[in-house]
Amino acid sequence: MNAIAMQGLLDVVATTAEKDWKPFHTGIDCLPIYETPDGGPAAMLLRYQPGAHAPDHLHMGYEHILVLSGSQTDQRGHHPTGTLLINEPGSEHHVHSDEGCIVLAIWERRVKAM
Numbered sequence: 001m002n003a004i005a006m007q008g009l010l011d012v013v014a015t016t017a018e019k020d021w022k023p024f025h026t027g028i029d030c031l032p033i034y035e036t037p038d039g040g041p042a043a044m045l046l047r048y049q050p051g052a053h054a055p056d057h058l059h060m061g062y063e064h065i066l067v068l069s070g071s072q073t074d075q076r077g078h079h080p081t082g083t084l085l086i087n088e089p090g091s092e093h094h095v096h097s098d099e100g101c102i103v104l105a106i107w108e109r110r111v112k113a114m
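Residues in the sequence shown are numbered from 1 upward in steps of one, following UniProt numbering.
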């Protein structure tokens, strides 16, 4: 059985090299942890620049978001560092971060753009 171990996750800015981050959406970079080619399970770190927005999207499976630094906001409220969000299949939202943030995102199935 293979395992993924990520040390220093709570200080991800200090433990990840800038070259490892990839463009994801305008103002949002990602650091993939794992992905499946069929749109199934995936996990990555997402880094929002101040003022960045993630577009409206539909959750095809459970989405778990752990805010590691900064904060993000969606229709359900403002979510500071240390917040764990679980979005159920069939839910939809858009996300923005006024101050910027880094989150751990884990998807049961990838989201669908709306």
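Ideal placement from N, C-alpha and C gives every residue a C-beta, glycine not left out.
What separation, rounded to the nearest whole angstrom, lies between the Cα atoms of residue i and residue j?
i       : j       : result
Glu-88  : Ala-17  : 32 Å
Gln-72  : Thr-26  : 16 Å
Tyr-34  : Leu-84  : 20 Å
Gly-39  : Glu-108 : 9 Å
Arg-110 : Glu-99  : 26 Å
Can you check which of these residues, the options, is closest to residue i by C-alpha distance?
i           : options                        : result
Gly-8       : Gln-75, Ser-91, Leu-45         : Leu-45
residue 120 : Val-12, Asp-38, Ala-5, Ile-4   : Residue 120 is absent from the model: the chain starts at 1 and stops at 114.
Ile-4       : Pro-23, Phe-24, Ala-42, Asp-98 : Ala-42
Assuming contact is defined by CB atoms lying nearer than 8 Å, are residue i and residue j in contact in what I supplied?
i       : j      : result
Met-96  : Pro-55 : Looking at the sequence provided, one finds His at residue 96 rather than Met. It is not a contact, given that the beta carbons lie outside the stated cut-off.
His-64  : Glu-92 : no
Ala-113 : His-78 : no
- Counting Cβ pairs, one atom from each stretch, are 3 or more of them under 8 Å apart for the segment 32-47 and the segment 93-111? yes
- Message: Quick check on the DSSP output: what are the complete alpha helix (DSSP H) runs of length 4 or more inside the UniProt domain "ChrR-like cupin" (11-104), in order along the chain?
- Response: 12-15
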